[in-house]
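Right, one structure below, let's go through it.
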Amino acid sequence: MTTPEVRPARPQFSSGPCPKPPGWSVDKLDTRVLGRSHRGALGKARLQDAIERTHALLELPADYKLGIVPASDTGAMEMAIWSLLGTRPVTMLAWESFGAGWVTDVAKQLKLDAEIRTADYGEICMLGGIDPAQDVVFTWNGTTSGVRVPNGDWISADRTGLAICDATSAAFAQDIDWTKVDVGTFSWQKALGGEAAHGMLVLSPRAVERLENDPAQRPLPKIFRLTKGGKLIDGIFKGETINTPSMLCVEDWLFAIAWAEKIGAQGFDRPRRRQCRGPRPLGAISGLDRAPRRRSLHSF
Ligand SMILES: Cc1ncc(COP(=O)(O)O)c(C=O)c1O
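For the sequence shown, my numbering gives the first residue as 390, with consecutive numbering after it.
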């Protein structure tokens, strides 16, 4: 193999780990909470602040819940898959390695009744014709192929199934129609350049309703449990994490959030608009996104 003569000016991979926000340095992080309990007043307040400000920045519907969960995006996705799937048929969509990983969970580990639709790298699979009474699992932006869904129009507004979306490379980088997503997941080391380890889990009211009234019938380890006695553990969505979080990562996330708040909606809109125009150099901005090829778009 030959070593390339031209190297990227910025060696950060740009899909997580991503570059830190401009002006970031470790001594700018608020360290008051380090070495103190995350269950204490200050720790809980910082966790709650991270949740509320992220909720606002993502413009999640007011009745959607957002929580901090263990094990990064993978933890959040598997928590959702194990807690929710199995009560009705599911359609699994995959067009790169991470989506394929969720197919493995569902088909090989859980052995569920699933329709599996896949596409090769650079392509996207058929999005049309998904029964709105069934669940669907998909990745908004497939990081390793750079192919994303064009929008959420293919998800029925009147669905009774749940749309479960791995949004880790899309959150903050692309327009997500959250009204079409019942479960959304992402992690901090992606578009805003946070630190890895924690996942964020978005739940729509219908996802909560399913968790409380018709959850998957299987035993769950503590790390996956979102309900207790048939009720949502509301504390998870107010900063009472299931297990011990890294408060250093939380402070680093709060720095990223403060930067994102400062650049405001317009700062986000520019890269989003650029992405919607179509192909551009790999890794030019976070999200590694490429619009699906025309042929695939027309096959919906
Ligand atoms: C689309 C997608 N899903 C899941 C993951 C796994 O994320 P994490 O390492 O935060 O669990 C990645 C990581 O790059 C990803 O790009």
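Just so it is clear, CB atoms sit at the ideal spot from N, CA and C, and this is done for glycine as well.
Going down the chain, each residue whose beta-carbon is closer than 7 Å to a heavy atom of ligand 1 shows up: Ser404, Gly405, Ala460, Ser461, Asp462, Thr463, Gly464, Met466, Phe487, Thr528, Asn530, Gly531, Thr532, Thr533, Asp555, Thr557, Ser558, Ser576, Gln578, Ala585, Gly588. Taken through DSSP and simplified to helix, strand or coil, Pro594 comes out as helix. The distance from the Cβ of Arg477 to that of Gly550 is about 6 Å, consistent with a contact at the 8 Å cut-off.
Going by C-alpha positions, Val395 is about 44 Å away from Leu592.
In this structure Ala546 is exposed. Its beta-carbon is surrounded by fewer than 16 other beta-carbon atoms within 10 angstroms. Gly517 and Ile505 have their C-alpha atoms some 13 Å from each other. Assigned with DSSP and collapsed to three states, Leu473 falls in helix. Apart from the 5 residues on each side of it in sequence, Gly541 sits with its Cβ closer than 6 Å to the Cβ of Asp566, Lys569 in its chain, given in chain order. Rounded to whole angstroms, the separation of the alpha carbons of Phe575 and Arg537 is 15 Å.
Thr528 and Ala434 have their C-alpha atoms roughly 32 Å apart. Nearest to Thr420 by alpha-carbon distance, out of Ser635, Asp462, Ala649, Lys651, is Ser635. For Met515, the number of other beta carbons within 10 angstroms of its own is below 16, and it is reported as exposed.
Taking a cut-off of 8 Å on C-beta distances, the stretch 612-631 does not touch the stretch 396-405, as fewer than three cross pairs fall below it. One Cα belongs to His427, the other to Val479, and the distance between them is close to 37 Å. Inter-segment contact for the stretch 507-514 and the stretch 555-563 is absent: fewer than three beta-carbon pairs are separated by less than 8 Å.
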